[in-house]
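Asks:
Number of protein chains: 2
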Amino acid sequence: MSEARARLLASASRLFYAEGLHSVGIDRVIADAGVTRATLYRHFPSKDDLLVAYLTAADQAIRADVETARTSKASGADAVRAVAESIADGIRTPGFRGCAFLNAVAEYPDPAHPVHQAVLTHRQWFLDVVTELLAQAGETAPEPAARHFVMLRDGAMAAGCLTDPAPVCETFRLGVEGILRYRDTPVVPPKKTGGAS
Amino acid sequence: MSEARARLLASASRLFYAEGLHSVGIDRVIADAGVTRATLYRHFPSKDDLLVAYLTAADQAIRADVETARTSKASGADAVRAVAESIADGIRTPGFRGCAFLNAVAEYPDPAHPVHQAVLTHRQWFLDVVTELLAQAGETAPEPAARHFVMLRDGAMAAGCLTDPAPVCETFRLGVEGILRYRDTPVVPPKKTGGAS
DNA sequence: GCTCAAGTAGACAGATCGTTCTATCTCGCG
DNA sequence: CGCGAGATAGAACGATCTGTCTACTTGAGC
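Protein chains in written order, with the working numbering: chain A, 3 to 199; chain B, 3 to 199.
1) Give every residue of the same chain whose Cβ lies closer than 6 Å to the Cβ of Ala-60 (chain B), excluding the five residues on either side of it in the sequence, and list them in chain order.
2) From Ala-12 (chain A) to Ser-4 (chain A), what distance separates their C-alpha atoms?
3) Can you list the residues of chain B that Phe-46 (chain A) reaches, using a CB-CB cut of under 7 Å?
4) So what does DSSP say about Tyr-43 (chain A), is it helix, strand or coil?
5) Roughly how many angstroms lie between the CA atoms of Arg-183 (chain B) and Phe-46 (chain A), to the nearest whole one?
6) At what residues does the alpha helix (DSSP H) containing Gly-180 (chain B) begin and finish?
7) Less than 6 Å between C-beta atoms, sequence neighbours within five positions excluded: which residues of the same chain meet that for Ala-84 (chain A)?
8) Rounded to the nearest angstrom, how far is the Cβ of Met-159 (chain A) from that of Ile-93 (chain A), given a contact under 8 Å?
9) Tell me which residues share the same chain as Ile-181 (chain A) and place their Cβ nearer than 6 Å to its Cβ, disregarding the 5 neighbours each side in the sequence.
10) Beta-carbon separation of Ala-108 (chain B) and Gly-27 (chain A) under 8 Å?
11) Return the first residue and the last residue of the alpha helix (DSSP H) that Lys-75 (chain B) is part of.
12) Taking the Cβ atom as the reference point for each residue, do Ala-120 (chain A) and Leu-57 (chain A) lie within a distance shorter than 8 Å?
13) Indicate whether at least one CB of chain B lies closer than 8 Å to the CB of Ser-88 (chain A).
14) Which residue from B:Gly-162, B:Glu-141, B:Leu-164, B:Val-117 puts its Cα closest to that of Asp-51 (chain B)?
15) For a quick check, are the C-beta atoms of Gly-36 (chain A) and Arg-9 (chain A) less than 8 Å apart?
16) Is there at least one Cβ from chain A nearer than 8 Å to Pro-167 (chain B)'s Cβ?
17) Would Pro-144 (chain A) count as contacting chain B if we go by Cβ distances under 8 Å?
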């Protein structure tokens, strides 16, 4: 990766995340990166490609975070807690502007658009990895628990940049602990350890 | 309210919600409403005013929904369930594109912008009304429970337009029932977890 | 009958958008 | 040395954006 391309992607990521995808034009990006227009179009054939590259970079960063959280913890439950903690850390970080993917999809509702598809891909991966972690945690019904986790995560990310992050993180943490107790308290009173529907 | 203004607001609401705030231009709105540019600017001095009017109308519609849910139910818990059900109904509705306010704030991150402030106002009202309802439901700690409810709601609204709405609604419903059982199960039971801080 | 607000129709300004283009320069490498 | 890739610099294109403007029409109320 050339240095100009790296600066370009860094500037694009910062500006797109902070101000929105449609609000930031090509001129802003190249001015911030200290690069000319021709250089940008050499590396990214169109703005859409730059947008996808921004989301792909964010996706890879999150995957790396989750991977370290998963490998550094023995139990699945602690890995889930570590993932939750890294989410809370992000929310508490100054300049937090919500989930880059949810913000992006709000601007690109067309499911056929590459940006929208990049968001769906990331979210499917995240749901899968949380499901796997909860299954390792001994969750009898990992799929609904994972959906619950992701729903709470999405809500925390959405609210975290609109109000004081501290209570948001605390609410999120409590919610995650509640999910991890699914194992002990069945959601629907079954007869035995019967399979949830 | 003149009829031209009503058509303008209806077209603006539909287009802004479906396609995004920056993506839809003035020309699209006036063409859809069958109105000329001068008429639009007679009623709304700027596009920002039109955006705020769109959000204000959405806010009023939701307030009306919540008000009927609150007055038609005897207990606070059932009122909360009714509010949750109206949220789930919205998610299941064809053409659902997520929360109009969260989508709007994704495009207007500047807290000083009127659009952003309209979102904050709506969300504060909603949190307050849910808190009140949960207090009536006998919740010993209504504030954290309401934050939990809103967090779940935000996540459900975000995911509801990205995947199959049915499991999203079911997960949301289960989560709300869990919140309503706060009354019976103590909130903070953790003894010791590995170095969370 | 007159007035005035509200609406139609469309040209226009000024800015910004994404994109393409030519021309020049630098520099590593064969 | 010579070449070509990558970068600079900046003009220019067509499209679109918000917002303003003039000119004409309609219709209800004093």
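Backbone N, C-alpha and C fix where the C-beta goes; we use that ideal spot for every residue, glycine too.
Replies: Let me spell this out:
1) The beta carbon of Ala-60 (chain B) sits closer than 6 Å to the beta carbons of Ala-102 from its chain, once the five residues preceding and following it are set aside; these are given in chain order.
2) 12 Å
3) Near Phe-46 (chain A) there are no residues of chain B at all, since even the closest Cβ is about 20 Å away, more than 7 Å.
4) helix
5) 52 Å
6) 167 to 182
7) Ala-71, Lys-75
8) Rounded, the Cβ-Cβ distance is 7 Å, consistent with contact.
9) Ala-147, His-150, Phe-151
10) no
11) From DSSP, Lys-75 (chain B) is part of no alpha helix (DSSP H); its letter is neither H nor E.
12) yes
13) The Cβ of Ser-88 (chain A) sits no closer than 8 Å to any Cβ of chain B.
14) B:Val-117
15) yes
16) no
17) Among the residues facing chain B, Pro-144 (chain A) is not included, as its CB has no counterpart in that chain under 8 Å away.
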